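Just so you know, the sequences run in chain order A and B.
Start counting at 1 in the first sequence, then tack on 143, and there's your number in the working numbering.
Start counting at 1 in the second sequence, then tack on 143, and there's your number in the working numbering.
Presented below is the structure to which this report refers.
Number of protein chains: 2
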Amino acid sequence: MDTSRRDRILDELPAVCRACEARHGGLCGTLTTTQLAELNRHSSRRTVEAGSELVGQGDDVDHYSNILRGVVKLSKMMSDGRQQIVGLQFAPDFLGRPFHPESALSVEAATDLQLCSFPRTILERMIVAAPSMERGLLNQALKELDEARDWMLTLGRKNANEKVASFLFLIATHYDAEESRTTVFDLPLSRAEIADFLGLTIETVSRQMTKLRKEGVIAIENNRHITVTNMDRLASAAGED
Amino acid sequence: MDTSRRDRILDELPAVCRACEARHGGLCGTLTTTQLAELNRHSSRRTVEAGSELVGQGDDVDHYSNILRGVVKLSKMMSDGRQQIVGLQFAPDFLGRPFHPESALSVEAATDLQLCSFPRTILERMIVAAPSMERGLLNQALKELDEARDWMLTLGRKNANEKVASFLFLIATHYDAEESRTTVFDLPLSRAEIADFLGLTIETVSRQMTKLRKEGVIAIENNRHITVTNMDRLASAAGED
DNA sequence: CGAAAGGTTGACACTGGTCAAGCGGTGTGG
DNA sequence: CCACACCGCTTGACCAGTGTCAACCTTTCG
């Protein structure tokens with residue numbers, strides 16, 4: 144990236160931010176132009192390949208990031224290898240937990256990612272100086288908490304059919320918030336990952352997907368490409384009130 | 144905090160706060176003496192009977208509280224009546240979600256409670272004026288998020304035996320953080336509530352408790368009174384790493 | 001073209017749910 | 001004071017839903 148050019152426009156909105164999808168969402172949405180410029184001086188964009196681990200369970204964290212494109216999965220593993228995905232993050236979510244140098248989670252790229260990363264120390268210094276950022280972080284944490292608790296209901300009280308429908312509904316509404324009658328998208332997770340998200344086995348996930356397909360609620364092409372032909376029926380299969 | 148400084152502060156503290164268990168925990172721990180005095184002017188203590196609902200799913204919230212004594216359960220319900228407890232809160236936790244006038248959860252007294260409550264508007268005004276409170280709220284939200292995600296692993300990937308052991312372990316370590324070899328406590332939840340917390344039925348909870356008793360891991364008196372005779376075996380039954 | 005990885009399908013087993021009966025403590029009315 | 005009913009919990013018998021294991025299919029990629 145061209146550093147000299149970036150320095151020149153320090154007090155304006157950085158060009159790279161002006162075109163950024165995350166500009167008005169996530170953490171950056173809470174920042175003033177000056178703060179954005181300051182953060183941007185230390186930030187770097189990078190791409191990450193699907194499947195790579197960003198941070199391991201128990202690792203030290205030295206960078207925080209905004210997700211510009213792609214899907215990140217957060218997961219926990221037991222000592223015997225059983226795994227549970229405890230969260231999915233989409234652009235423009237913020238990735239990382241300030242003031243906690245050690246991660247309790249494994250953070251992995253579910254799809255190819257584009258990230259905007261900053262060193263831990265820079266961001267923490269900025270947070271202390273700019274309390275408005277703390278509000279942004281609080282809102283993100285509360286959003287994640289809501290999502291986690293919604294998912295606890297799914298994990299604890301829904302059957303396999305409802306779980307799979309809930310997952311498809313989650314992804315569908317995330318890609319097309321309008322909830323139009325028909326929605327098309329590519330699944331960001333493999334069957335094994337969906338199973339780890341739902342607390343099921345891949346066989347059960349597969350069977351329930353087939354069931355939804357045969358019932359005419361969804362169509363499946365190439366395993367990952369899903370067409371929801373009837374959103375209302377998907378929602379009711381998911382047990383949404 | 145060093146002793147001399149604490150003595151100085153004690154002189155100015157409201158009398159009721161000076162004796163308060165929540166003084167150094169939860170939200171109040173982040174406040175200066177002046178802020179505490181301000182908050183205290185608008186706060187009122189009250190007791191709540193076990194079983195009463197503090198806030199219903201979808202209700203408007205007009206008060207926030209600190210828990211001084213007792214256990215609060217947060218739960219979600221599906222339209223057909225299936226229920227999942229998505230969080231337990233103990234003294235000195237803060238109860239409520241600033242700037243969100245509507246609750247997505249039902250909040251209920253699991254045991255008899257003693258609360259210290261403040262009107263919504265007062266607290267929100269203070270938060271705007273005192274960014275340090277936002278840090279306190281962020282930390283509480285992150286703590287709840289960690290707990291929720293730990294529990295997602297339990298709900299999604301543990302069997303009935305491990306779930307019940309995990310619950311007992313959670314309560315035991317909460318009452319006696321030392322993890323001494325033997326721990327005694329009263330369960331704050333009925334069998335039905337434990338089932339709703341674990342995503343099981345009361346019959347399964349009962350059977351697994353009996354199993355742990357027959358294996359000599361715990362002893363049970365009067366249904367609620369539990370003696371953990373071997374913490375290590377309880378931990379390993381819970382699948383703790 | 002062959003091999004590997006990911007996904008589907010079937011047969012069967014087992015865990016946990018369902019339904020029903022019974023136990024034990026507590027509170028109430030005769 | 002006893003008889004009774006009620007509530008929370010336990011236990012048993014049975015069954016359904018999901019996991020396990022194995023075979024096979026499909027897609028991808030060297």
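Even glycine gets a Cβ: it sits at the ideal position worked out from N, Cα and C.
Treat the numbers as computed from the prediction; the structure is a model and nothing was measured.
Per DSSP, cross-strand counterpart(s) of residue i
{"i": "R376(A)", "result": "Beta-bridge pairing links R376(A) to no other residue."}
{"i": "L256(B)", "result": "V191(B)"}
{"i": "Q226(A)", "result": "M220(A)"}
{"i": "S249(A)", "result": "S218(A)"}
{"i": "I361(A)", "result": "V371(A)"}
{"i": "I210(B)", "result": "L258(B)"}
{"i": "E196(A)", "result": "E251(A)"}
{"i": "D236(B)", "result": "In DSSP, D236(B) forms no bridge with anything."}
{"i": "D329(A)", "result": "H368(A)"}
{"i": "D203(A)", "result": "E245(A)"}
{"i": "L231(B)", "result": "K216(B)"}
Contacting residues, own chain, Cβ-Cβ under 7 Å from residue i (five flanking each side not counted)
{"i": "G168(A)", "result": "P235"}
{"i": "E290(A)", "result": "G230"}
{"i": "I210(B)", "result": "Q232, F233, A234, P235, D236, L238, L256 and L258"}
{"i": "I270(A)", "result": "P241, M276 and E277"}
{"i": "W294(A)", "result": "none"}
Selection from the options that minimises the alpha carbon distance to residue i
{"i": "Q200(B)", "options": "A180(B), G239(B) and T176(B)", "result": "G239(B)"}
{"i": "E196(B)", "options": "A284(B), H185(B) and V215(B)", "result": "V215(B)"}
{"i": "I345(A)", "options": "T325(A), V307(A) and I369(A)", "result": "V307(A)"}
{"i": "A273(A)", "options": "L174(A), L156(A) and I210(A)", "result": "L174(A)"}
{"i": "D329(A)", "options": "R356(A), L298(A), K354(A) and V371(A)", "result": "V371(A)"}
{"i": "L377(A)", "options": "S246(A), Q351(A) and C259(A)", "result": "Q351(A)"}
{"i": "N302(B)", "options": "K286(B), L341(B) and L280(B)", "result": "L341(B)"}
{"i": "I337(A)", "options": "V327(A), S349(A) and T326(A)", "result": "S349(A)"}
{"i": "N415(B)", "options": "I361(B), S222(B) and A284(B)", "result": "This structure does not reach residue 415(B), given that chain B is present from 144 up to 384, and the question cannot be answered."}
{"i": "A165(B)", "options": "I228(B), D223(B) and Q257(B)", "result": "Q257(B)"}
{"i": "S249(B)", "options": "M220(B), F233(B) and F237(B)", "result": "M220(B)"}
{"i": "D339(B)", "options": "A193(B), Q283(B), Q227(B) and R189(B)", "result": "Q227(B)"}
{"i": "S309(B)", "options": "M276(B), L355(B), G279(B) and L280(B)", "result": "L355(B)"}
{"i": "R188(A)", "options": "E321(A), C259(A) and L311(A)", "result": "C259(A)"}
{"i": "F191(A)", "options": "S208(A), T177(A) and G224(A)", "result": "What sits at residue 191(A) in the sequence shown is Val, not Phe. Measuring from the Cα of V191(A), the nearest candidate turns out to be S208(A)."}
{"i": "E251(B)", "options": "A284(B), A335(B) and A193(B)", "result": "A193(B)"}
{"i": "L217(A)", "options": "L311(B), S333(B), E383(B) and L288(B)", "result": "L288(B)"}
{"i": "E358(A)", "options": "R278(A), N304(A), N282(A) and A162(A)", "result": "N304(A)"}
{"i": "L343(A)", "options": "G382(A), G224(A) and L298(A)", "result": "L298(A)"}
{"i": "R300(A)", "options": "E277(B), G224(B), K286(B) and Q178(B)", "result": "G224(B)"}
Neighbourhood of residue i by C-beta, 6 Å cutoff - its chain only, sequence neighbours within 5 removed
{"i": "V159(B)", "result": "none"}
{"i": "G180(B)", "result": "The displayed chain sequence assigns Ala, not Gly, to residue 180(B). Here the set comprises P157."}
{"i": "P331(A)", "result": "V214, A253 and T254"}
{"i": "S246(B)", "result": "V198, D202 and V204"}
{"i": "T326(A)", "result": "A315, D319 and V371"}
{"i": "D143(A)", "result": "Since the first and last residues shown for chain A are 144 and 384, residue 143(A) lies out of range."}
With 16 other Cβ atoms within 10 Å as the buried cut-off, status of residue i
{"i": "A380(A)", "result": "buried"}
{"i": "R292(B)", "result": "buried"}
{"i": "D150(A)", "result": "Low per-residue confidence applies at D150(A): pLDDT is 48, beneath 50, and the placement is therefore not dependable, though the value from the model is reported in the following sentence. Exposed: under 16 other Cβ atoms inside 10 Å."}
{"i": "L153(A)", "result": "Because L153(A) carries a pLDDT of 49, less than 50, the predicted location of this residue cannot be relied on, and the following value inherits that uncertainty. That one is exposed."}
{"i": "M144(A)", "result": "Confidence at M144(A) is low in this model, with a pLDDT of 47, below 50, so the placement of that residue should be treated as unreliable; the coordinate-derived value is given next. Exposed, because fewer than 16 other Cβ atoms sit within 10 Å of the Cβ of M144(A)."}
{"i": "P241(A)", "result": "buried"}
{"i": "R268(A)", "result": "exposed"}
{"i": "R367(B)", "result": "exposed"}
{"i": "E321(A)", "result": "exposed"}
{"i": "A335(B)", "result": "exposed"}
{"i": "N365(B)", "result": "exposed"}
Cβ-based neighbour list, residue i, same chain, cut-off 8 Å, excluding 5 preceding and 5 following
{"i": "H185(B)", "result": "F261, P262 and I265"}
{"i": "C171(B)", "result": "C160, C163, A165, L179, L182, N209 and P235"}
{"i": "Q283(A)", "result": "G169, L170, D236 and F237"}
Heavy atom of the ligand MG within 8 Å of residue i beta-carbon
{"i": "N183(B)", "result": "With respect to the ligand MG, the structure shown offers nothing to examine, as it has no ligands at all."}
Practice prompt. Taking a Cβ distance cut-off of 7 Å, strictly less, list which residues of the region 206-224 of chain B are near chain A, in chain order.
Written response: Taking 7 Å as the Cβ-Cβ cut-off against chain A, the residues of the region 206-224 of chain B that qualify are K219, M221 and S222.
Practice prompt. Could you list the residues in the region 287-320 of chain A with a C-beta less than 7 Å from some C-beta on chain B, going in chain order?
Written response: Correct list: E287, L288, D289, A291, R292, W294, M295, L296, L298, G299 and R300.
Item to complete: Could you name the residues of the region 338-351 of chain A whose beta carbon sits closer than 9 Å to any beta carbon of chain B, in the order they occur along the chain?
Response: Result list: D339, F340, L341, G342 and L343.
Worksheet item: For the region 269-288 of chain B, which residues have a CB atom closer than 7 Å to at least one CB atom of chain A, in sequence order?
Response: Along the region 269-288 of chain B, the positions whose C-beta sits under 7 Å from a C-beta of chain A are P274, E277, R278, L280, L281, A284, L285, E287 and L288, read in chain order.
Worksheet entry | Selection of the region 229-256 of chain A by Cβ proximity to chain B, strictly under 9 Å | Of all residues in the region 229-256 of chain A, V229, G230, R240, P241, F242, H243, A247 and L248 have a Cβ within less than 9 Å of some Cβ in chain B.
Worksheet item: Using a Cβ cut-off of 7 Å, which residues of the region 351-384 of chain A contact any Cβ in chain B, in chain order?
Response: Cβ contacts with chain B: G382 and D384.
Worksheet item: Got a sec: which bits of the region 163-178 of chain B sit with their beta carbon under 7 Å from any beta carbon on chain A, in order along the chain?
Response: Within the region 163-178 of chain B, not one residue has a Cβ closer than 7 Å to any Cβ of chain A.
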